[in-house]
Structures are given as C-alpha cells and as structure tokens.
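Counted from 1, the sequence shown has number 403 at position 281 by this note's numbering; the numbering is strictly sequential. Note that the Cβ used here is the ideal one computed from N, Cα and C, for glycine as well.
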Amino acid sequence: MPTATPIRVALIGLGKIARDQHLPAMAGNPDFELVAIVSRHAEQPGLPSFHTFDELQASGVAFDAVALCTPPQVRHGLARQALEAGKHVMLEKPPGATLSEVEDLRQVAEAHGVTLQATWHSRYAPAVQPARDWLAGKTITAARINWREDVRVWHPGQDWIWEPGGLGVFDPGINALSIATAVLPRPFFLTSAVLHVPENRQSPIQAELDFVDTVGTPVRAEFDFLQTGPQSWDIEIDTDAGLLRLSHGGARLWIDGALVHEAPEAEYPGLYARFAELIAAGASDVDVTPLRHVADAFLLGRRVAAPAFVE
Ligand code: NAP
C-alpha cells in the first residue's frame, strides 16, 4: 500500500522523550503528520488518544507509521503488532530489550515490505559527522569515553531504567557507544567490564568498560549515573595529528583544545528526515552495534555490589 504524504504517524508512549523531541520534530517536518496518540495515562489536546494499540487499530483512524517512545521492555510486542499491520516503525533507542527481539523485528519488517528504523539519536549530534571525517586517514592510538550524569536530574521517576532490560547507566551510555561506533574507523571488542549494581536495583549505576579494536587500539569507557556538579558527555581520541575531543554529547568538536565545530542541536529533526528517506526508498536501518556492546558488557562484566540507590 502506498504511503500517504504527509506520512501519518501514531505515537506510542507519551513520556519525556516523546514530549521533548518527537512532537516538535514531527511538527517541524512537513513530511509527517501526527494523527493519534497511544498512551496509558495521557492525552494530547486536539488529537485522538487511545489507551492501547488495539484500541487505535479498532478505531478506524488511518495511519502509516508508528513512533515507539516507550521504555525498551515493552517495545517488541508493540513494534511487531505495528509491522504486521503494515505500518512503518521508528524505534526509540535502544531498539529492544534483547538482540533477538530486534532481529525478529528486522525479519518481520522485511516480510511485510515496511520500513523499520532503529534510531540512535546521538549519531545526529552536529559534530559527529565532522569528527568522523576528521579522523579518516589518521592514526588513532587510544580512545576514552566519559559519560557522567546525575540520574536524579535526568531520569526522575523512571523506575523502568532500574528494572531488567532498563539498562541502568547504559541507557545514556549506549548513546556514547552509538557515537563511538560511528566515528571510530574499525570495529572494537569488549575485553573486560565492571558493572556496579546497587543492592536494591537490577541494573548498573556505574560501569567501566575496556575494548580493543582490530589493530590493538585501546578504547576505554566510563559511565556514571552519580555525577553531581558539571556533567560530562565526552569522547577523546588520541591521533597522530592531535587530540580530538567531542563534548556535550557530540555537539562540539575540539582539536588540541581549539573548538573547530559547533552547530545548533538537531538530532530528532535528523532522525525524522532519515525516517522519511527510508520510507521513500522502501528501506530499513537496523544497526544493533551499540546494543551488542551493551549485551557483551552484561555477558562479560564482573558485578560489584554498590550501595542502595534511593531516589
Ligand atoms: P519516560 O519519560 O518514562 O516515558 C516513557 C513512556 O512510555 C511513559 O510515559 C509511558 O507513557 C510509556 N510506557 C508504556 N509502557 C510503559 C511501561 N511498562 N513502563 C513505563 N512507561 C511505559 O521515558 P523516556 O525518557 O521518554 O524514555 C523512553 C525511551 O526513549 C527510552 O528507551 C529512552 O532510552 C529513550 N530516550 C530518552 C531520552 C531522554 O532524554 N529522556 C533521550 C533519548 C531517548 P504512557 O503513560 O503515555 O503510556
């Protein structure tokens, strides 16, 4: 069935990221029209709102695509239902709670001839592509990721983050891995990890990861959910031509301490532009590399008990 223009979207899960980013990004892109909301609790004035996806399907409201903004633990069932109904699906990150789920969705999308987009919003931060371009042809000798934020500031009340499948500190950490896997020229592999898990929670609150790439370059990542004061979302890469630093989650690029690239944040407009392109091309984009690294950390990581976390 041909997709209408604009692409009519039903958004599922009206939480923080849906309100902060998806609603404005769709409103700013004439290729999309938000036509319905599926939310267990909330409504969006002026739009048909449904408590479940089944209710939306039964309503007769016409839509072409779904933007899935729920926590990862409930993504697979909803995404599968949408794909089987012939709808294009945009998945918030991480694309699922397990790698097997995401592979299943990839196959279902292919079988139904619809688009599946596993989004990695941080890859659309403005300095990421310039960093990748600058690194091309340089000799890289080491990389360090420092992703430190205060969970009480950025994730208040998000109990799902501490449950199995919620990823804990890897919820932001996977953004760093999505950038590192985009800018570093060679694949890298986990050699060891330490996961600090609060005694009253299921997911890590801090993590240290050591990787090595195919020519032996060390890549070190430190994720911290207990950072108060200045926050850091930084990646440093040592090269034969100087020190590259991506700061502010990929928004600014520095070479040897000099700011060389900065642009206004436009991650979600970038994701929606890509979604429109993929739908027009009849293609999907399902890169699981960042999630694979997280899964590897959970497979290989040494657990260390951390003090109970109380919000
Ligand atoms: P959130 O504020 O907790 O919102 C998630 C929404 O999903 C809830 O408000 C709820 O909306 C719906 N939901 C459906 N089933 C749920 C369940 N079993 N438990 C909890 N909520 C459920 O979380 P968020 O920060 O928007 O994050 C959602 C996803 O976006 C996560 O995968 C996260 O990694 C990703 N993300 C978040 C950010 C950020 O800055 N917060 C940035 C980028 C990506 P209804 O009440 O409408 O059903």
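Span separating the alpha-carbon of residue i from that of residue j
{"i": "P320", "j": "F431", "result": "6 Å"}
{"i": "R162", "j": "F420", "result": "31 Å"}
{"i": "T261", "j": "T361", "result": "5 Å"}
{"i": "P146", "j": "V337", "result": "43 Å"}
{"i": "H210", "j": "E155", "result": "14 Å"}
{"i": "A231", "j": "T313", "result": "34 Å"}
{"i": "G351", "j": "A428", "result": "21 Å"}
{"i": "G137", "j": "R424", "result": "33 Å"}
{"i": "P193", "j": "P167", "result": "23 Å"}
{"i": "Q143", "j": "P248", "result": "16 Å"}
{"i": "P294", "j": "A385", "result": "21 Å"}
{"i": "S406", "j": "E399", "result": "10 Å"}
{"i": "L317", "j": "F185", "result": "42 Å"}
{"i": "A164", "j": "P278", "result": "18 Å"}
{"i": "H234", "j": "D226", "result": "12 Å"}
{"i": "W355", "j": "R374", "result": "11 Å"}
{"i": "G150", "j": "V426", "result": "45 Å"}
{"i": "L299", "j": "N268", "result": "11 Å"}
{"i": "Q179", "j": "E223", "result": "23 Å"}
{"i": "A204", "j": "V410", "result": "20 Å"}
{"i": "G404", "j": "N322", "result": "46 Å"}
{"i": "P124", "j": "A380", "result": "Any reading at P124 must be qualified, since the residue scores a pLDDT of 47, below 50, and its modelled position is unreliable; the value itself is stated next. So the two alpha carbons sit approximately 49 Å from each other."}
{"i": "F94", "j": "E389", "result": "Outside the displayed range of the chain (123 to 433) lies residue 94, so it cannot be described from this structure."}
{"i": "G135", "j": "A402", "result": "25 Å"}
{"i": "V236", "j": "E177", "result": "22 Å"}
{"i": "Q328", "j": "M148", "result": "34 Å"}
{"i": "R141", "j": "M212", "result": "16 Å"}
{"i": "T436", "j": "V196", "result": "Nothing can be reported for residue 436, as the shown portion of the chain is limited to 123 through 433."}
{"i": "G182", "j": "H198", "result": "23 Å"}
{"i": "P391", "j": "H370", "result": "18 Å"}
{"i": "D281", "j": "E387", "result": "28 Å"}
{"i": "F397", "j": "L133", "result": "14 Å"}
{"i": "T174", "j": "E206", "result": "16 Å"}
{"i": "A88", "j": "G372", "result": "The chain is shown only over 123 to 433; residue 88 falls outside these bounds and no answer can be derived."}
{"i": "P307", "j": "G259", "result": "9 Å"}
{"i": "V382", "j": "H415", "result": "30 Å"}
{"i": "E433", "j": "V275", "result": "10 Å"}
Assumed close pair residue i, residue j - CB separation to whole angstroms, cut-off 8 Å
{"i": "I359", "j": "I301", "result": "Between I301 and I359 the Cβ distance is about 11 Å, and since that is not below 8 Å, they are no contact."}
{"i": "L200", "j": "V408", "result": "Rounded, the Cβ-Cβ distance is 16 Å, inconsistent with contact."}
{"i": "L413", "j": "P217", "result": "6 Å"}
{"i": "L422", "j": "A343", "result": "About 13 Å separates the two Cβ atoms, so there is no contact after all."}
Same chain, Cβ closer than 8 Å to residue i, neighbours up to 5 away in sequence not counted
{"i": "G127", "result": "Here residue 127 turns out to be Thr, not Gly, going by the sequence shown. Excluding positions up to five away in sequence, the list reads D153."}
{"i": "P340", "result": "A264, A265, D332, F333 and V334"}
{"i": "A417", "result": "T220 and L221"}
{"i": "S325", "result": "I283, W284, E285, P286, G288, L289, G290, V291, F292 and V319"}
{"i": "L169", "result": "L156, V157, A158 and I159"}
{"i": "R202", "result": "D226, L227 and V230"}
Sequence-distant residues of its chain with Cβ nearer than 6 Å to residue i (five each side left out)
{"i": "N297", "result": "S244"}
{"i": "V273", "result": "F347"}
{"i": "F310", "result": "F333, D335 and V341"}
{"i": "R367", "result": "E358 and W376"}
{"i": "A187", "result": "I129, V131, K209 and H210"}
{"i": "G364", "result": "I377 and D378"}
{"i": "G330", "result": "According to the sequence provided, residue 330 is Glu. The question's Gly does not apply to it. Once the five neighbours on either side are set aside, the close Cβ partners of E330 are V316 and E344."}
Close-in-space but distant-in-sequence residues of the same chain around residue i (CB under 7 Å, 5 per side omitted)
{"i": "E214", "result": "I139, L190, C191 and T241"}
{"i": "V305", "result": "V250, A253, R254 and L257"}
{"i": "R270", "result": "D346, Q349, Q353 and S354"}
Q. What residue ranges within the segment 307-367 form continuous beta strand (DSSP E) runs of no fewer than 3 residues, ordered along the chain?
A. 310-320, 328-335, 340-346 and 354-361
Q: With a floor of 3 residues, list each beta strand (DSSP E) that falls wholly inside the segment 364-408, ordered by position along the chain.
A: 364-369, 374-377 and 380-384
Q: Ignoring anything shorter than 3 residues or poking outside the segment 133-185, list the beta strand (DSSP E) runs there in chain order.
A: 154-160
Q | Segments of 4+ residues assigned as alpha helix (DSSP H) that fall wholly inside the segment 178-251 | A | 197-206 and 221-234
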